[in-house]
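K.L.:
Take a look at the following structure, please.
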Amino acid sequence: MFQFANPNILYLLLAIPIMVAVVVVLSHIRRRNLSKFGNPALLQALMPDVSLWRTRAKLTLFFTAVTAVIFAAARPQFGAKLREHKSQGVEMMLAVDVSNSMLAEDFAPNRLDRTRYAIDKLFASMNQDRVGMVVFAGEAKVQLPITSDYRMARSFAKRLSPELVQVQGTEIGQAITLATLSFSSNRDAGRVIILITDGETHDSTALEAAKRAAEQGIRIYAVGIGTPDGAPVKVAGEWLKDENDEMVVSRLNEELLQQITAATGGGYIRATNSAFGLDEIVSEINKLDKGELTTLSFEEYNEQFQWILAIAAVLLVLESLLLNRRNPRLKRFNIFRE
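Counting with the numbering used here, you get residues 9 to 346 for the letters of the sequence shown.
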């Protein structure tokens, strides 16, 4: 793995063409001023020790050395090895409902937008636990594999949308099963599933899936988002209607969510516009026994700037030793023949 520790310094390379242009302009002005004193060919004959090639070679050495110094200051690095980090925490899979019913507006601006905000806030506050995310509607998909990269997790949370799942519906049982399979093989770590849904489903497998998760030591906590009275659902600016052309009203099904969480020793909380409930659930999770989590990352790098600085130093030494004029004592060793 290659990187620059200070990549912003590379912007200084933009100054090199400017410096070259200044030197060219000054050289042109110098030749123009000399031409005022006589014929350039005659002046050249009067200054036999002046070497144009020496001047150009010195400038080339100088600008190459400056370029090398800039690259060295940016600190090029090569990854040396993977470093293993150990911490105490739990593995947490979020199973998030992204069905059309989550677009109901009994939460401002709607249930799904409120969920996105709450999950982003949750990920921003975490520092040791590992997280993953499953999205579901009529089918379930892994949106984010288990990870400790919270920046990536927040990025995925902001993309939550009904468009992530092709089949509409609310298959909570399928979501729980997939979340159960998505944990790492580390059985020492505490494992929990946070289910965020309105619970509006006719899925008969949800409770069985919860019991299978409990057999593996997984606890399920649920956030019920919505209201028992419900709210109509607007999709693409149109109110959703059923086959009888009546407006669809999505209602919170708390009974099923309470049964699911009770089967695993977890807990249920109803979200409100003022408090979503994730903070309370995480507080309960923090009381659980922590397991040892292992994370691998590139953190040790071999610095390469020393070699570039050495090259720059050699070039500057050569530039200082190379004179603009020919050395009369070395005329017989005329390297820059003209």
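For every residue, glycine included, the Cβ atom is placed at its ideal position computed from N, Cα and C.
1) How far does the alpha helix (DSSP H) with residue 148 in it extend, from its first residue to its last?
2) Taking a contact to mean a Cβ-Cβ separation below 8 Å, would you say residue 184 touches residue 214 in this structure?
3) Given 8 Å as the limit, is there contact between the segment 282-299 and the segment 25-40, that is, 3 or more CB pairs closer than that?
4) What is the C-beta distance between residue 165 and residue 128, in whole angstroms, given that I count them as a contact (C-beta under 8 Å)?
5) Within the segment 125-206, note down every full beta strand (DSSP E) run reaching 3 residues or more, in order along the chain.
6) Could you please give the first and the last residue of the uninterrupted alpha helix (DSSP H) stretch that includes residue 11?
7) Helix or strand or just coil, what does DSSP make of residue 246?
8) Ends of the alpha helix (DSSP H) at residue 319?
9) My guess is that residue 249 and residue 243 are in contact by the Cβ rule of under 8 Å, so how many angstroms apart are they, rounded?
10) Determine which residues share a DSSP beta bridge with residue 99 and list them.
11) I'd like the list of long-range same chain contacts for residue 187, defined as Cβ closer than 7 Å, with 5 residues on each side in sequence excluded.
12) Does the distance from the C-beta atom of residue 198 to that of residue 295 stay below 8 Å?
13) Do you know how far the Cα of residue 22 is from the Cα of residue 37?
14) Quick one: what does DSSP say residue 294 is sitting in, helix, strand or coil?
P.N.:
So, from the data block:
1) Careful: residue 148 lies outside any alpha helix (DSSP H), inside the beta strand (DSSP E) at 148-155.
2) yes
3) no
4) 5 Å
5) 138-144, 148-155, 198-205
6) From DSSP, residue 11 is part of no alpha helix (DSSP H) but of the beta strand (DSSP E) over 10-12.
7) strand
8) 313-329
9) That pair is no contact at about 10 Å.
10) 138, 199
11) 101, 103, 142, 201
12) no
13) 24 Å
14) coil
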